[in-house]
Amino acid sequence: MTTITTPPMTPTAPERMVVNIGPQHPATHGTFRIECVLEGERIIESRTEIGYLHRCFEKMSETHDYWGVIPYTDRLNYCSPMINGVGYAMAVEKLLGITIPKRAQYIRVILSELSRIMDHMVCVGTSLVDLGAITNFWYSFRAREVIYDLLEACCGSRLTVSYVRIGGLAADLPPGWVEHCRKLIRKDIPQAISELDKLNLKNPIFRLRGQGVGVMPRERAIAWGWTGPCARASGVDYDVRRDIPYYDYDQFDWIVPVEQGGDVFSRYQVRMEEMRQSLRIIEQYLDHLPGGPVIVDDRRIALPPKNEVYTNIEALMAHFKLIMHGILPPPGEVYSCVEGGNGELGFTIISDGTRKPYRVKVRPPCFAVFQAFDEMLRGIVIADVVAILGSLNIIAGELDR
Amino acid sequence: MAGATSGNQSAIPITTYGSPAPARDGVAGGGMPLQWLTTRVDDFINWARGNSIWPMTYGTACCGIEVMSVLSSHYDLARFGFEVVRFSPRQADLLIVAGTVVDKLAPVMKTIYQQMPDPKWVIAMGACASSGGFYRAYHVVQGIDEVIPVDVYVPGCPPTPEGLIYGILELKKKIERGETKPQIAARERAAQIERQG
Amino acid sequence: MSETMGPAAANPTERLLKEELGDRVLAASESHGDLAVEIRPEALLAAARLLKEHPALDYCYLMDIAAVDHLGQDPRFAVLYNFYSLRHGHRVRIRVRVPEDAPVLDSLYSLWPAADWFEREAWDLMGVQFRGHPRLVRILTHPEFVGHALRKDYHSAERHRLSRTYDLFLEEKAGAPPAE
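Residue numbers (the numbering used here), protein chains in the order written: chain D, 3 to 403; chain Z, -7 to 189; chain U, 11 to 190.
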């Protein structure tokens, strides 16, 4: 809705105009709203409003079982759905005090890194579309299709995978998956990344629109709670995978890209480099992928295999009990975080000993990033608003939950 | 349907907006060449409208990502005539509501629907837009038909691109048959005017 | 998995908080590798200042603020603050409990601007107010929403419809706590 209203002003004040951007706007990053007061083309003040996709995730988690929350977690950051599920399952497993089998850990990492590549592809594609470079959109979405094929082979769904279970994964990888994945990470995805770079890295228009635009100094980024690629582009050397290592991330050879510019162009560079590092991680995890089960053996947490349920009375009873009574973690409180596509994705889970969580609180990385947006907009020209917004990769599903 | 009962008595050819194909059993329109021509023109207009839809993707959530995939090169919605994707409601005729609509967004969506010029159609893509999805929650609209009229519901969470393309092709057939909600409403309005006048 | 959170044993937070606040530290515990300290609500600002400014603590990141409704207990609400120190790698979770009739805490916006939207969310979904916050209005639900949705006595499917959109400058107080 575009209404132009002028706020009260003194007779000598210059003419000001109020422009409303959103909640429906062509920069297709989701629904949020920015109201700017402009003087000519400069923004004097702005107000950002979110909540246009508040789907009550936390209330839904209180009304569902522990495993019933898993489909809701996919819809948090829907561009990298696997990572949210892994984060949630890790938090519940920490509450239960269990360690999942190695194979499940490695597969979770491989799929999380593939999701991270998908997320950064969306960010690069859509943010460059906003600047007028539409070709990137086609290239990056074509690359996403090949990753969708891999995810669909594992779990039946392209986008909302629901592949994690408390204690491991829903099922093992299908035969031939590892070879197909290796082929993609050696050929198709690096080709797409290098094509994107060829279009953008030395592009004078992108550099003019990106360098020096939307600069967030390092200290302010930390004060606002920025994590992830946006913070690393401002010089904050923090990555949950390296600093609070989980699932053997610290055993393998990869780097955390950090830039010092803090502007739109630096965020682009960090994301491109992170995609390449994700490919390195996936390759190493595939080489070291162990055999074994993909879900923990504990009958209070994981269902027994189906063929045993049909033939063995203990398995049938365990299946029945788990479905009827649910997973019953000990009462307690836990916080666990993973490196999401946009930064530290944390889950605080409080259990009261019953089958439904008492409280699930998500720490969304975009929430902390986007609250600094009003400060970033002060004094800039309105044409830069879209460039900055695209570079922050705000996913409304995660922002509003 | 309204057109079939009203148009066969008078000598003046009645051109109703989006009228259906004339009955061929000799009761309506048989032997009146002008009326036959105008209904052919209507058929042509419907066919043309169905093949050059300008969608406006109102992508709010995960279905928005699937819409982007459908518009991209792999699934390519442009081959069905949906080449021109407009982000302004004033220039679009199909509103694809892709994703969950929440109570905070409902008045905005209603305004956007009202800003679209006639003829306009609505596809509710995904479970959330059709019925609220699995969010039986305090802030989620339980189906966008609480707020605006919907022509085609595409189920799925998210629907696969093939599912969305099927839904879009169903809408095209509906337009060509003259059965979309605005077309039915216009026929009923015309029939009402004729009964009164 | 206790190794996920780093060695909590080397974390001087508990000791320094007890030195500074004395008996306003109600409890300190370590579970699943996390250090959690419960303090009195009056001591929140002093504790936060210590956490931020003491060189051995240096909690530069306020990661998360979570409000919890313990319906049936008194004080009813608990607010959890999650801090992280980039230099030392420590984490701590500070818990503060406020009663139902006076759910007011000091805002940490002056120390960490990151508290801005997290506190607004705690007000919106739980009804906990923060003294000194620059603009405490609803953030996730709409301005005509009635009640606080994450409270245990709020039914999960009870909806409130929105009649129109609100201007963010001219109607900036829509959704604010009721004036005192």
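In this text, a Cβ means the ideal position worked out from N, Cα and C, and glycines have one as well. None of these values were measured; they are calculated from a predicted model.
- Within the same chain, and ignoring the five residues on either side of Lys164(Z) in sequence, the residues whose Cβ sits closer than 6 Å to its Cβ are Gly42.
- Of the residues assessed, Ser268(D) falls on the buried side of the cut-off, its CB having 16 or more other CB atoms within 10 angstroms.
- Along the segment 351 to 375 of chain D, going in chain order, the ones with a CB nearer than 7 Å to a CB of chain U are Ile352, Arg361, Lys363, Arg365, Phe369, Ala370, Gln373.
- Per DSSP, Thr350(D) is one residue of the beta strand (DSSP E) stretching across 346 to 353.
- For Thr175(U), the nearest CB of chain Z lies under 9 Å from its own CB, placing it at the interface with that chain.
- Under DSSP, Pro47(Z) shares a beta bridge with Leu86(Z).
- Only residues of its own chain outside the window of five on either side were considered, and among them Arg160 have a CB closer than 8 Å to the CB of Glu154(D), listed in chain order.
- Residues of chain D whose Cβ lies closer than 7 Å to the Cβ of Ala124(U) are, in chain order, Ala225, Trp226, Gly227, Ala370.
- Judged by DSSP in its simplified three-state form, Ala235(D) adopts coil rather than helix or strand.
- Among the CB atoms of chain U, one or more fall inside 9 Å of the CB of His131(Z).
- Only residues of its own chain outside the window of five on either side were considered, and among them Asp35, Asn38, Trp39, Gly42 have a CB closer than 8 Å to the CB of Glu168(Z), listed in chain order.
- Comparing C-alpha distances from Gly264(D) to each of Ile224(D), Tyr248(D), Val242(D) shows the shortest one belongs to Ile224(D).
- The beta carbon of Ile329(D) sits closer than 8 Å to the beta carbons of Asp67, Tyr68, Trp69, Val94, Leu98, Ile168, Arg302, Ile303, Arg357 from its chain, once the five residues preceding and following it are set aside; these are given in chain order.
- Residues of the segment 94 to 122 of chain Z whose Cβ lies closer than 7 Å to any Cβ of chain U, in chain order: Asp95, Lys96, Ala98, Pro99, Val100.
- The beta carbon of Tyr251(D) lies closer than 8 Å to those of Val111, Arg243, Arg244, Ile283 in the same chain, with the five residues before and after it left out.
- Between Ala70(Z) and chain D, the shortest Cβ-Cβ separation is not below 9 Å.
- Around the C-beta of Arg211(D), 16 or more other C-beta atoms lie within 10 Å, and the residue is accordingly described as buried.
- Chain Z places a beta carbon closer than 9 Å to that of Trp140(D), counting this residue as a contact.
- Chain-order list of chain U residues neighbouring Thr33(D): empty, with the shortest C-beta distance near 12 Å, by a criterion of under 8 Å.
- Put simply, the backbone Cα of Leu97(Z) is about 13 Å away from that of Gly135(Z).
- With a contact defined as Cβ atoms closer than 8 Å, Val139(Z) and Lys102(Z) qualify at about 5 Å.
- Exclusion of the five residues before and after Pro187(U) leaves Trp133, Gln139, Leu146 as the residues of its chain whose Cβ lies within less than 7 Å of its Cβ.
- For Val383(D), the CB contacts under 8 Å within the same chain, skipping 5 residues up- and downstream, are Glu43, Arg44, Ile45 in chain order.
- Against chain D, the CB of Pro147(Z) has no partner CB under 9 Å away; the residue lies outside that interface.
- The Cβ of Glu58(Z) sits closer than 9 Å to at least one Cβ of chain D.
- When the Cα atoms are used, Ala90(Z) and Val35(U) turn out to be separated by approximately 50 Å.
- Looking at the DSSP output, Asp74(U) sits in a beta bridge with Asn92(U).
- If you look at Asp245(D), you'll find it isn't in any beta strand (DSSP E); it sits in the alpha helix (DSSP H) that goes 242 to 245.
- Using a CB distance below 9 Å, no part of the segment 243 to 270 of chain D faces chain Z.
- Excluding residues up to 5 positions away in sequence, Leu31, Arg34 lie with their Cβ nearer than 6 Å to the Cβ of Ala53(U) in the same chain.
- Its chain contains Arg220, Gln262 as the residues whose beta carbon lies nearer than 6 Å to that of Gly237(D), once the 5 sequence neighbours on both sides are disregarded; these appear in chain order.
- In this chain, the beta strand (DSSP E) harbouring Gln139(U) covers 139 to 141.
- The three-state reading of DSSP puts Gly155(Z) in helix, counting H, G and I together.
- Pro22(U) sits exposed, since fewer than 16 C-beta atoms from the chains shown fall within 10 Å of its C-beta.
- Within the segment 139 to 159 of chain U, Arg148, Ile149, Leu150, Thr151, His152, Ala159 place their CB atoms closer than 8 Å to a CB of chain D, listed in sequence order.
- Nearest Cα to Asn138(D) within the set Asp199(D), Glu115(D), Lys96(D): Asp199(D).
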